[in-house]
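Report on the following structure.
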Amino acid sequence: MMSDTWKWIAIAICLVLFTADTVLKPQDKPNRMVFFELHRGERPTMIGMMRDDLVKLPGRGASRIRDALARGETLTVWQYELRKIEDGSYQEVPERQIQLGAADAPLVTFGARIRLPDN
-13 MMSDTWKWIA IAICLVLFTA DTVLKPQDKP NRMVFFELHR GERPTMIGMM RDDLVKLPGR
47 GASRIRDALA RGETLTVWQY ELRKIEDGSY QEVPERQIQL GAADAPLVTF GARIRLPDN
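The numbering used here applies: residue -13 is where the sequence shown begins, and numbers increase by one.
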């Protein structure tokens, strides 16, 4: 028969292991769109790539996309456009999917600024 002291030690060990598993386990982050700017043409274009797809590429930030393109990979991203909605405010909405190739590697920067139209 186990003494009360050993029972409490066993319970404490179980609690420590449970807490360690819960606290130290990486938390799942929701998949979300990560935005970049593509500097083709007159004005930068806002593009987005899903976080789960982005983290599969080696590197950090925009270098993930630039390095993949420089290696010859073709990437599909969403191009966004600014639309005026009913209440008069603007909203960035996905317009279409576009392909990026090796020539686009130096044209991609991390983050995106929303530029309101002049009119």
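All residues carry an ideal CB built from backbone N, CA and C; glycine is no exception.
Check whether residue i and residue j have beta carbons under 8 angstroms apart
| i | j | result |
| --- | --- | --- |
| Leu55 | Leu86 | yes |
| Arg26 | Leu93 | yes |
| Met19 | Met32 | no |
| Asp53 | Pro44 | yes |
| Tyr66 | Gly34 | yes |
Boundaries (first-last residue) of the alpha helix (DSSP H) holding residue i
| i | result |
| --- | --- |
| Arg37 | Arg37 to Leu40 |
| Leu55 | Ala48 to Ala56 |
Host beta strand (DSSP E) of residue i (start-end)
| i | result |
| --- | --- |
| Pro80 | Tyr76 to Leu86 |
| Leu24 | Met19 to Leu24 |
| Thr62 | Leu61 to Lys70 |
8 angstroms contact criterion, which residue i and residue j should meet: CB distance rounded
| i | j | result |
| --- | --- | --- |
| Phe113 | Thr95 | In the structure as shown, the chain begins at -13 and stops at 105. Residue 113 is therefore absent and cannot be evaluated. |
| Leu40 | Arg29 | In fact, because the Cβ distance is near 23 angstroms, the residues do not count as touching under 8 angstroms. |
Query raised in the report: Should the region 78 to 98 be called in touch with the region 58 to 65, which here means at least 3 C-beta pairs below 8 angstroms?
Result: yes
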